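Notes to accompany the following structure.
2 protein chains.
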Amino acid sequence: MKALRFDGRLQLSQDAPVKQLEGEALVEVLYAGICNTDLEIVKGYAGFQGILGHEFVGRVVEAEESSWVGSRVVGEINVGCNQCSLCLSGDARHCLKRTVLGIKQRDGAFAEYLSLPIRNLRPIPAAIANEDAVFIEPLAAACQILAQVKIHPGMTVAVIGDGKLAQLIVRALASTKCDLTIIGKHQNKLDLMSGLAGQVIQFTANENSLQEIFRQLGNSRFDLVIEASGSFSGLPMAIPLVKPCGAIVLKSTYNGSSSLDLTQVAVNEIQIIGSRCGRFDSAIELLANNRIEVRSLISDMIELDEGLHAFEAATAPQSLKVLLRMPAAS
Amino acid sequence: MKALRFDGRLQLSQDAPVKQLEGEALVEVLYAGICNTDLEIVKGYAGFQGILGHEFVGRVVEAEESSWVGSRVVGEINVGCNQCSLCLSGDARHCLKRTVLGIKQRDGAFAEYLSLPIRNLRPIPAAIANEDAVFIEPLAAACQILAQVKIHPGMTVAVIGDGKLAQLIVRALASTKCDLTIIGKHQNKLDLMSGLAGQVIQFTANENSLQEIFRQLGNSRFDLVIEASGSFSGLPMAIPLVKPCGAIVLKSTYNGSSSLDLTQVAVNEIQIIGSRCGRFDSAIELLANNRIEVRSLISDMIELDEGLHAFEAATAPQSLKVLLRMPAAS
Chain B
1 MKALRFDGRL QLSQDAPVKQ LEGEALVEVL YAGICNTDLE IVKGYAGFQG ILGHEFVGRV
61 VEAEESSWVG SRVVGEINVG CNQCSLCLSG DARHCLKRTV LGIKQRDGAF AEYLSLPIRN
121 LRPIPAAIAN EDAVFIEPLA AACQILAQVK IHPGMTVAVI GDGKLAQLIV RALASTKCDL
181 TIIGKHQNKL DLMSGLAGQV IQFTANENSL QEIFRQLGNS RFDLVIEASG SFSGLPMAIP
241 LVKPCGAIVL KSTYNGSSSL DLTQVAVNEI QIIGSRCGRF DSAIELLANN RIEVRSLISD
301 MIELDEGLHA FEAATAPQSL KVLLRMPAAS
Chain D
1001 MKALRFDGRL QLSQDAPVKQ LEGEALVEVL YAGICNTDLE IVKGYAGFQG ILGHEFVGRV
1061 VEAEESSWVG SRVVGEINVG CNQCSLCLSG DARHCLKRTV LGIKQRDGAF AEYLSLPIRN
1121 LRPIPAAIAN EDAVFIEPLA AACQILAQVK IHPGMTVAVI GDGKLAQLIV RALASTKCDL
1181 TIIGKHQNKL DLMSGLAGQV IQFTANENSL QEIFRQLGNS RFDLVIEASG SFSGLPMAIP
1241 LVKPCGAIVL KSTYNGSSSL DLTQVAVNEI QIIGSRCGRF DSAIELLANN RIEVRSLISD
1301 MIELDEGLHA FEAATAPQSL KVLLRMPAAS
C-alpha cells in the first residue's frame, strides 16, 4: 500500500505491507489530518520511525467481531497493555507500556490501511461528514482542558496560539461563557476566531512581544492561560500573563528544550497543568449536534500520492489543517 | 544600629538608621535565620538592595496600639497595600503592590530593629523558645504544601532536597502518614530525617544522578514530588520521578534560568504547582504542641557582629540553619 513514512527522512512508500496486528481490526483510511506533532516528529520529536499520522477517519474492513466490518470509525490513538490498572479502568492514555498511533512504536494513519484494536475504535454518527470526523481526535484533545480545569462563566481566559489546536480550543471554550482573549501572530487565523472571543490580540514575534501584548491588554492578567502556541516561546509568555494563584494549561509539545525562569511560578503560586489527549465522546457530540464548526480550518486537501507536498503545505505560516485524502475516499 | 546590608555587596553597617515606618510597629530583633533566598539575593536574585533577612523572632518596642509593646512576635513577611481585594480578604501574600521584608522594597530582619505593620505580627506562646520561633516563617512555607495539595495516607511522596526548607517539609509531611521518600545529596542531612521517611536515597550530583536514583528506587514513580532542592537541577529531576497525572510542588526559587524540556509535563499530564509563603497558624501550632522538632537544624548560632562570617557558614555544603543572634538576645 501507499504510506508516508519517516525513517530519519520523510518519504512516500509505494509498497508498504498492509499489516493487521493480531486481534486487531484493519481499517481502510479515508481522510487523515496533519498535526503539529507530525511536523515535530519530522524534526526529531519523540524519536519515532514508521508510518506517521494519528488523526483519521476510516472504515473497518476486517475484524474478529464481524459486526464492526463496514463501520465508519475514528480511533483513540493510545493502545494500552490492557492489563495494568489504568487500562483495566478504561483509560489507556497513560499506560506506561502503551504504543501510540503514528507517534510511538505503532504505524499510523498516513496510509491506505491501519491496524487498531476494536476497543480503540469509535463509530461515527451519519450526521458527521468525513471532513469533520477527522477533527475528532484533536477536538477531543481540546476538550480535555474542560475535563481538567473548571471554567466558570466570566472567568478570564487567554489562549496563546492561533494554529490548528488553538482554533479547536477556542471553539471548545466558547461554550463555557468565559471571558475569552485570543493572542496570536497571524491575522488570517485570528480572523477565523474573532467572533468567538471578547478580545483578540495580534503580536509580532520578537524580543518585545510581551510588551506589545501588555500594551494592548492594559496590564490586565488572566485567571487561566492556555499555552497552545506549539512553540517553546509560548510558556515564557504565559507565565507573566497569568494572575497570582492562576493556572496555565500546557498543550504544546515540541522537539527540544528551552531556557526558562520558573521563579515567578513559585513566587506567584501558579499551577502549570500538562494536557494531552482527551475522551472522544464530547468531541463527537459537539460535531454531531453542529455545536461547533471546523470545516473552515481546512486549508488544503491533498491526495496521499502528494503527501510530501502536503507536509510542505502544512509548514507554511498561513496554513491551518492540511488533510490527506486517501485513495478509498476518491 | 548594626545591620547586614546588601547593595551589590554584602556588608555590616554599624550605623544604619533605626526606621519605624508610619503606622507600623518597631520590633527589636532577637534572632534571625539565614534562608536560601538570602543566599540567592546575594547572587542577584530579586534585584533587592537593603537590609536582608525575613525569618525572625523579636519583641515589639513601639506601636500605636500600646498593648502590643513588650509582646514577643514573629511576622508575616508580605506587606500588602491594604486596599486591594486580596488584602481586604486578609491575604496580602499576592498583593501586586506588596513589599516583602528583606526581599522587596523593605528593609529586613538582619538588624537590631525592624519595622512591620501590627497586622503582620503574630504573638508567640511562651511554650515556643526563641530558637524555635525563628523557624515559624519557613515552617509556614513548608505547611503551605498541605494547604495546596490533599495528601492522603499511603500516597507516595518524594521530597527532592535535604537542606533547610526540605528538612521542614519532611517534618510537616510526616504527620500525613504518606509513604515518604527523601532524595538528597548529603549523608549528614539525610540522617537527620531518616526516622521520618520510609525510604532515603542519596545521590551524587553528576550527569548520571537520575539513573543512580532510579537504580535505588527500582523504577517506581511517585504520586507527588516536592522539589525543594533550591537548585535549577531539581525540576528536571522531578519530572521523570512523578507518575502520569501526578503533581510536582515547586518550592525552589533561585537566581537565573535553566534549560528545561517540558514535553513530558504535557504528555504525562503532570501538574506543576508553585508554592511560596504559608499561613503562620499551623506552624505555630506544630511548634507549641511539640509536634515537630527543629532545634537540631541549627548548625551555627552567630552574633550579628559576625554576620559576614555567618553568610559564609550558611553557604557551606554541610550547613543547615545558621541563626544570627542579635545584641538584644545576648
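Sequence lines, in order, name chains B and D.
Per my numbering: the first sequence = residues 1 to 330.
Per my numbering: the second sequence = residues 1001 to 1330.
Just so it is clear, CB atoms sit at the ideal spot from N, CA and C, and this is done for glycine as well.
All values derive from a computational prediction rather than experimental measurement.
| Asked | Found |
| --- | --- |
| Provide the residue span of the beta strand (DSSP E) that contains A1226/D, from first to last. | The amino acid occupying residue 1226/D in the given sequence is Ile; Ala does not appear at that position. Taken as a continuous stretch (DSSP letters only), the beta strand (DSSP E) holding I1226/D covers 1222 to 1227. |
| Examine the Cβ distances between the region 1012 to 1030 of chain D and the region 1240 to 1253 of chain D and report whether three or more of them are shorter than 8 Å. | no |
| What's the C-alpha gap between T947/D and T253/B? | This structure cannot speak to residue 947/D, because chain D is shown only from 1001 to 1330. |
| If you drop the 5 nearest sequence neighbours on each side, which residues of the same chain put their C-beta closer than 6 Å to that of M1301/D? | L1323, R1325 |
| Would you list the residues sitting across from L146/B in a DSSP beta bridge? | DSSP output for L146/B lists no bridge partner at all. |
| Suppose the cutoff is 6 Å on Cβ atoms and the five residues either side in sequence are ignored; what does the same chain contact list for A16/B look like? | M1, A3 |
| Taking only runs that begin and end inside the region 276 to 323 of chain B, name each unbroken beta strand (DSSP E) of 3 or more residues, in chain order. | 298 to 303 |
| When you compare the CB of R276/B with every CB in chain D, is at least one pair closer than 8 Å? | yes |
| What would DSSP say about Q211/B, mapped onto helix, strand or coil? | helix |
| With burial defined as no fewer than 16 other Cβ atoms inside 10 Å of the residue's Cβ, what is the status of Q1144/D: buried or exposed? | buried |
| Quick one: is T1181/D buried, meaning 16 or more other Cβ sit within 10 Å of its Cβ, or exposed? | buried |
| Do you know whose CA, among Q271/B, G256/B, G102/B, R59/B, lies nearest A126/B's CA? | R59/B |
| So L1250/D contacts chain B; which residues on that side make the cut at Cβ distance below 8 Å? | L262, V265, A266 |
| Whose CA, out of A25/B, D7/B, A247/B, lies closest to the CA of I270/B? | A247/B |
| To the nearest angstrom, report how far apart L331/B and L297/B are at their CA atoms. | The requested residue 331/B is not part of the displayed model; chain B covers only 1 to 330. |
| Where DSSP assigns a beta bridge to T1099/D, which residues make up the other side? | V1079/D |
| Less than 8 Å between CB atoms is the rule here; does E269/B satisfy it with respect to chain D? | yes |
| On the DSSP bridge assignment, give the partners of P1123/D in chain order. | V1073/D |
| Pull out every residue of the region 145 to 173 of chain B whose Cβ sits closer than 7 Å to any Cβ of chain D, in chain order. | none |
| Could you have a look at I273/B and say whether DSSP puts it in helix, strand or coil? | strand |
| May I ask you to list the residues that DSSP assigns as paired with Q14/B? | BP columns for Q14/B are empty, so no partner. |
| Between the region 46 to 58 of chain B and the region 80 to 90 of chain B, do at least 3 Cβ pairs fall closer than 8 Å? | no |
| Does I1213/D come within less than 8 Å of chain B when only Cβ atoms are used? | no |
| Is the region 1186 to 1205 of chain D in contact with the region 211 to 231 of chain B, if contact means three or more CB pairs nearer than 8 Å? | no |
| Can you name, in chain order, every residue of its own chain whose Cβ lies under 6 Å from the Cβ of G1050/D, other than the five neighbours on each side? | D1107 |
| Name the residues in the region 1040 to 1060 of chain D whose C-beta lies less than 7 Å from a C-beta of chain B; which are they? | none |
| With 16 other CB atoms within 10 Å as the buried threshold, where does R1291/D fall? | exposed |
| At a cut of 8 Å, does the region 1067 to 1087 of chain D reach the region 1104 to 1118 of chain D through at least three beta carbon pairs? | yes |
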